[in-house]
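S.K.: Chains as they are written, first to last, in my numbering: chain A, 21 to 390; chain C, 11 to 375.
The structure's right below; bear with me while I get my questions together.
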Amino acid sequence: MDAVEKANAARQQQWIKDRKVGEGTYAVVYQGREASSGRKVAIKKIKVGQFKDGLDMSAIREVRYLRELKHQNVIELLDVFSSKTNLNLVLEFLDSDLEMIIKDRSLVFLPADIKSWMAMTFRGLEFCHRNWILHRDLKPNNLLIASDGHLKLADFGLARDFADPGYKMTCQVITRWYRPPELLFGCRYYSTAVDIWSVGCIFAELMLRIPYLPGESDMDQLKTIFRALGTPTEEDWPGHTKLPDYVPVGQFPKPPMRDLFTAASADTLNLLAKCFTYEPRKRISALDALSHPYFFALPYPTHPSKLPKCSTVANKPLDEVDANVDMNPTGPGVKATSKGLKRKLASPTEAKARSIARRLDFSKAPPSSP
Amino acid sequence: MNVGGWLQGKTIKKTGASSSSHTRSSTPQQVQSTSTTIFGGGVKDASGRVSEFFSMDDQCPVSPAITKCVCESCIDRLFTLGPAPCPICNKILRKLAFTPQTFEDLGVEKEVAVRRRVAKEFNKRREDFPDLRAYNDYLEEVEDITFNLINEIDIPETEARIARYRAENAALIELNIQREEAYAQQLKEQEEAERRDREMRAEEFRRAEEEEREEREKGKREIIDKLETSSKDAAKVIKQTRKNALKRSQARSATTTQLTSNSQLLRSRAAQSTNIPDVPHVPLQDHYYAYEDKFTLRPEGYQDFLSEAVRKDREGIMRGGGYKVEEAWERALRSAVAALDLPPLSGLPQPPSRVDQGGDVVMAS
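Pasting the structure below:
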């Protein structure tokens, strides 16, 4: 046994796998604990050898960036070791995610709770951006909540560092509902502003308790955005018509945000609008957002330990640690397609109702016509 | 007559132009009076008082500075034009120093005023001291100062102590004032929330009652209708309708419990907030040093070959998508500065000695 193997074996013995909590295409997730302290951890075993290109890209990204990032609001990668032909990532164990909390109808959010979550999200994101890393997959599902209430950014499977000047990046990132318009227009040169748009969507979702911009396809996503925020003009966003996949989707007027977010304060709407600025270069940065009056105004952000928590903890502990393993084969960042749309449910009944109404009209028409 | 007065630019009293119609409620405007001036209200005596001082319904303002009783119109008369000597003790006083009397005993009145003034600045709390002993010492000192001020012992020395304290603790005083304001604000909000909650519940209750009444009426009508139209046994029809009504009311009460549990939840959350206080927002909770003192980005940018494509991007594809070449420059500079702990070059066309200082290294990284 050479030195490397010995070191690896020593590492492996520090962690104990308890039970399997889930399996995806690329990885199996176990709940485990640290041998010395009994601290709960999540162990993500990445399957190797099954793919001709070697390791899955997202695993490489996750290790590469999480190894560097250590912050209160970013998930901690505790250790990496190999077992047989597999790669194991030992991650901090977090019991729930923001999506579960948003969906749990038995919970009531106070404005101060939303402020607290937003502050923690921005802090985590600012830390990534400060270290020149774009997250590129922010959504409630990837914001995990620790047992003490702290929110942590997770799933760095799509993260990358800032591109060098003139270097192309893929635009097929970020789950569709949280994807900014510049990526939908196929832009290959972008910046931190893409993450801010996602945070804006999450902010709105926290207030509405349903996704703010649920597009059904990439095309429909643009339409949904413009319907909600108005079609941008050349003044709003210089140069957007020159983007590679630009297509005019129709003119929509800009409805006042106040109509939808009826209970929000002026500061809240101001910050929200700054996250949804069309011109990416003018969109607020994470650092500036943290100094926005919204955060300083009363009520103060709720102390993390008092934030609402899911009553049914450990209901699905798989998804949170494993969020990037159930990737759609068509490419990363399009997860929403496979899950089906929440909004769709309403439409079939609606359609039926309409057809009945029409039929009634028809039956009444003949007697009057002759 | 009034109008004439206006047009001629004369000084007019509120209640009328003639001085003979002067009443006590109005304030005489001409205060630059010599001892020979005659007022409508009365003749000024040697002490500067007016005969109407003795009126019983006069409010009696008190000056904390010298603790005495002067009637309101005298104050108006004597001090309208700014500081003036007091008619009794000849100290220079201001109108602002007079306050309406709350307590019958002027000693109490003065003590309250002094305590109010002292409390405004000596507002430290128990949390501001490392141990109870220090806090008690501080309280004793405050009491000393207050006592001195009330009994007018060593006034200049005491004032100096206050000034010293104020200078030393300016930041803390300000902070504590803010804390108190925030606390007051919080109380107000909590009250407001409770009031809204109460209103909501009352509204809910009213609505439920209304609904129930309608329900009963409907049930009655239904029975009558059914009895009219159907040929079934009357008793059976009534039984069936009653059963339906019961089912409906049960369904309704289920939804109300959901609502009440929500409001209960909110209330319990509000109660909880007193246990662990929410702290004001702090933008960054870690100590982040970005080497901002070691370099500044050139506002006109850099002519490096890497960013050439972006700089020549006429179509604005890169700019339209939000790519910021400044970030790349900043990253390069910050990484270099952080790694070498050296300030970068301030510009290329510099004396050769500066360039030799290691400029190559900075550019290369």
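All C-beta atoms in this analysis are idealised placements derived from N, C-alpha and C, irrespective of residue type, glycine included.
1) Using a Cβ-Cβ cut-off of 9 Å, state whether residue 207/A counts as contacting chain C.
2) Any residues in the stretch 210-236 of chain A with a beta carbon nearer than 7 Å to a beta carbon of chain C? Which ones, in chain order?
3) What's the C-alpha gap between residue 151/C and residue 140/A?
4) Just the C-alpha distance for residue 111/C and residue 148/C, rounded to the nearest angstrom, thanks.
5) What residues in its chain sit with their C-beta under 8 Å from that of residue 398/C, if we drop five residues either side in the sequence?
6) Below 8 Å, can you find three or more Cβ-Cβ pairs linking the stretch 286-300 of chain C to the stretch 302-320 of chain A?
7) What first and last residue would you give for the alpha helix (DSSP H) that runs through residue 215/A?
8) Pull up the DSSP beta-bridge partners for residue 36/A, would you.
9) How would you label residue 210/C, buried or exposed, when you count the other beta carbons within 10 angstroms and need 16 or more for buried?
10) For residue 170/A, I'd like the list of residues in its chain whose CB is within less than 8 Å of its CB, leaving aside the five on either flank, ordered along the chain.
11) Check for me: the alpha helix (DSSP H) holding residue 316/A runs from which residue to which?
12) Expressed to the nearest angstrom, what Euclidean distance is found between the alpha-carbon atoms of residue 142/A and residue 167/A?
13) Under 9 Å Cβ-Cβ, which residues of chain A neighbour residue 289/C?
14) By DSSP, does residue 129/A sit in helix, in strand, or in coil?
15) Taking contact to mean at least 3 C-beta pairs separated by less than 8 Å, is the stretch 291-300 of chain A in contact with the stretch 200-217 of chain A?
16) With three or more beta-carbon pairs closer than 8 Å as the criterion, would you say the stretch 129-146 of chain C touches the stretch 169-176 of chain C?
17) For residue 42/A, write down the residues that DSSP places opposite it in a beta bridge.
18) Closest Cβ-Cβ distance between residue 26/A and chain C: below 9 Å?
19) Could you run through the stretch 127-155 of chain C and flag, in chain order, every residue whose CB is less than 8 Å away from some CB of chain A?
20) Which of the residues in the stretch 185-216 of chain C, read from start to end, lie with their CB under 8 Å from any CB of chain A?
21) Rounded C-beta distance between residue 130/A and residue 224/A? I'm assuming under 8 Å.
22) Determine the extent of the beta strand (DSSP E) in which residue 163/A is found, giving its start and end residues.
23) Specify the secondary structure class of residue 112/A as computed by DSSP and reduced to three states.
24) Quick one: what does DSSP say residue 60/A is sitting in, helix, strand or coil?
25) Output, in sequence order along the chain, the residues in the stretch 165-192 of chain A whose CB is closer than 7 Å to any CB in chain C.
26) Whose Cβ in chain A lies nearer than 8 Å to the Cβ of residue 319/C?
27) How far does the alpha helix (DSSP H) with residue 317/C in it reach, from first residue to last?
28) With a threshold of 9 Å between beta carbons, is residue 303/C in contact with chain A?
29) Going by DSSP in three states, residue 66/A sits in which element: helix, strand or coil?
30) Under a CB-based cut-off of 9 Å, is residue 182/C close to chain A?
31) For residue 101/A, name the three-state secondary structure that DSSP assigns.
32) Please determine if the stretch 170-189 of chain A and the stretch 142-154 of chain A are in contact, where contact requires at least 3 C-beta pairs separated by less than 8 Å.
33) Under a CB-based cut-off of 9 Å, is residue 165/C close to chain A?
34) What's the C-alpha gap between residue 124/A and residue 330/A?
35) Check this for me: beta carbons of residue 183/C and residue 171/C, under 9 Å apart or not?
M.R.: According to the data block:
1) At least one CB of chain C lies nearer than 9 Å to the CB of residue 207/A.
2) Per Cβ criterion, the list reads 210, 211 and 213.
3) Distance between the alpha carbons of residue 151/C and residue 140/A is about 44 Å.
4) Roughly 31 Å between the two C-alpha positions.
5) The question about residue 398/C has no answer, for chain C in this structure spans 11 to 375.
6) Per the Cβ contact rule, the stretch 286-300 of chain C is in contact with the stretch 302-320 of chain A (3 or more Cβ pairs under 8 Å).
7) Counting along the chain, the alpha helix (DSSP H) containing residue 215/A begins and ends at 213-228.
8) Residue 36/A pairs with 53/A.
9) Exposure of residue 210/C is indicated by the presence of fewer than 16 other C-beta atoms within 10 angstroms of its C-beta.
10) Here the set comprises 92, 93, 140 and 324.
11) Judged by DSSP secondary structure, residue 316/A falls within the alpha helix (DSSP H) whose first and last residues are 313-316.
12) Per the coordinates, the alpha-carbon of residue 142/A lies some 20 Å from the alpha-carbon of residue 167/A.
13) Under the 9 Å cutoff, chain A gives 320, 321 and 323.
14) Three-state result, residue 129/A: coil.
15) Enough Cβ pairs lie closer than 8 Å, so yes.
16) The answer is yes - the stretch 169-176 of chain C touches the stretch 129-146 of chain C, with three or more Cβ pairs under 8 Å.
17) Paired residues: 49/A.
18) No, residue 26/A lies away from the interface with chain C (no Cβ there is under 9 Å from its Cβ).
19) Flagged: no residues at all.
20) Listed in sequence order: 192, 195, 196 and 199.
21) Taking 8 Å as the upper bound for CB-CB distance, residue 130/A and residue 224/A are not in contact here, some 17 Å apart.
22) From DSSP, the beta strand (DSSP E) with residue 163/A extends over 163-165.
23) Reduced to three states, the DSSP call for residue 112/A is strand.
24) It is a strand residue.
25) Flagged, chain order: 182, 184, 185 and 186.
26) Contact of residue 319/C with chain A by beta-carbon distance below 8 Å involves 185 and 186.
27) Taken as a continuous stretch (DSSP letters only), residue 317/C belongs to no alpha helix (DSSP H), as it is neither H nor E.
28) So, not an interface residue.
29) Secondary structure of residue 66/A (DSSP, three-state): strand.
30) No - not a single Cβ of chain A is within 9 Å of the one on residue 182/C.
31) Assigned with DSSP and collapsed to three states, residue 101/A falls in strand.
32) The stretch 170-189 of chain A, when compared against the stretch 142-154 of chain A, does touch it at the 8 Å Cβ threshold.
33) No, residue 165/C does not count as interfacial toward chain A.
34) Rounded to the nearest angstrom, the two C-alpha atoms are 7 Å apart.
35) Going by C-beta atoms, residue 183/C is not nearer than 9 Å to residue 171/C.
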